[in-house]
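Novice:
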Amino acid sequence: MRYGLDKWSVWWVGNWLTGCTQRVVVNNLFSNWQPVTSGIPKGLILGPTLFNIFISDLGDWIKCTLMKFADDTKLSGEADTSERRATLQEDLDRLEEWANKNLTKFNKDKCKVLHLGKQSRSTVQAGIHLAREQLCGKGPAGQQTQYE
Numbered sequence: 000m001r002y003g004l005d006k007w008s009v010w011w012v013g014n015w016l017t018g019c020t021q022r023v024v025v026n027n028l029f030s031n032w033q034p035v036t037s038g039i040p041k042g043l044i045l046g047p048t049l050f051n052i053f054i055s056d057l058g059d060w061i062k063c064t065l066m067k068f069a070d071d072t073k074l075s076g077e078a079d080t081s082e083r084r085a086t087l088q089e090d091l092d093r094l095e096e097w098a099n100k101n102l103t104k105f106n107k108d109k110c111k112v113l114h115l116g117k118q119s120r121s122t123v124q125a126g127i128h129l130a131r132e133q134l135c136g137k138g139p140a141g142q143q144t145q146y147e
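In numbering that gives the first Met the number 0, the protein residues as written are 0 to 147.
#1: Do you know offhand how far K67's Cα is from G46's?
#2: Taking the beta carbon of D90 as the centre, do at least 16 other beta carbons fall within 10 Å, making it buried, or is it exposed?
#3: In chain order, which continuous runs of the beta strand (DSSP E) of length 3 or greater are located wholly inside the stretch 22-86?
#4: I need the boundaries of the beta strand (DSSP E) containing K111, first residue and last residue.
#5: Thinking C-beta only, is L134 closer than 7 Å to C110?
#6: K6 lies in the alpha helix (DSSP H); which residues open and close that run?
#7: Buried or exposed, going by whether 16 or more other CB atoms sit within 10 Å of the CB of I182?
#8: Are K107 and E132 touching if we call contact CB-CB under 7 Å?
#9: Are V15 and R22 close, meaning C-beta to C-beta below 7 Å?
#10: Compare the C-alpha of T103 against each of R84, A78, W10 and A130 and name the closest.
#11: Have a look at F105 and F53 and give me their C-alpha separation to the nearest angstrom.
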C-alpha cells in the first residue's frame, strides 16, 4: 500500500487493463484492432496517474538533481571537476539500471548534454555516456553538437 491503494484496487486496475486493444484512425481510415501487450492505451484517463506511479521511485538514489515533468526527465549537476563528472555518469548509469530493471528504456536520440559555463565543452562532456553511447551536446542556443 505504498500509494494508498489496497490489493483489490491494484487488482481492479490490472484487470481493467488486461485485454485492452487499440487502433489508429487517419483521414477516416481505421486500422485493425491490436492488443496492447505493454504499457497502457493512449488517451486513457488514468494514464498520467499510472505513469506517475510507475516512475515514482525513479531518482530515489540519485546524487545530482533529477527533475520530472510528465514524461520528461532532466538530470542536472555541476561538471567542473572530474569527480563531479563522475557523479553525473554514475547517476546516468543508475538511471539506465532502473530502466532495464523496469523493462523500459530511455530514447537516446532525445538525451542530450546541455553545457552552461565557460569551461571547454569537450572537457566537460568527455565521457558522458548513456548505455555505452556518448551523448551529443546542445549549445546555449539549442543547436546540436557532437563531442569527441
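Glycine included, each C-beta is placed from N, C-alpha and C at the ideal position.
Specialist: With the structure as the only source:
#1: A direct Cα-Cα distance of roughly 16 Å separates K67 from G46.
#2: Counting Cβ neighbours within 10 Å, D90 comes out buried, since at least 16 surround it.
#3: Listed in chain order, the beta strand (DSSP E) runs fully inside the stretch 22-86 are 64-68 and 71-75, counting runs of at least 3 residues.
#4: Segment K111 to L113, the beta strand (DSSP E) holding K111.
#5: yes
#6: Here the alpha helix (DSSP H) through K6 covers K6 to L16.
#7: Summary: the structure shown does not reach residue 182, with the chain confined to residues 0 through 147, and so no result is reported for it.
#8: Their beta carbons are under 7 Å apart, which means K107 touches E132 by this criterion.
#9: According to the sequence provided, residue 15 is Trp. The question's Val does not apply to it. No, these two residues do not count as a Cβ contact at 7 Å.
#10: A130
#11: Rounded to whole angstroms, F105 to F53 spans 14 Å at the Cα level.
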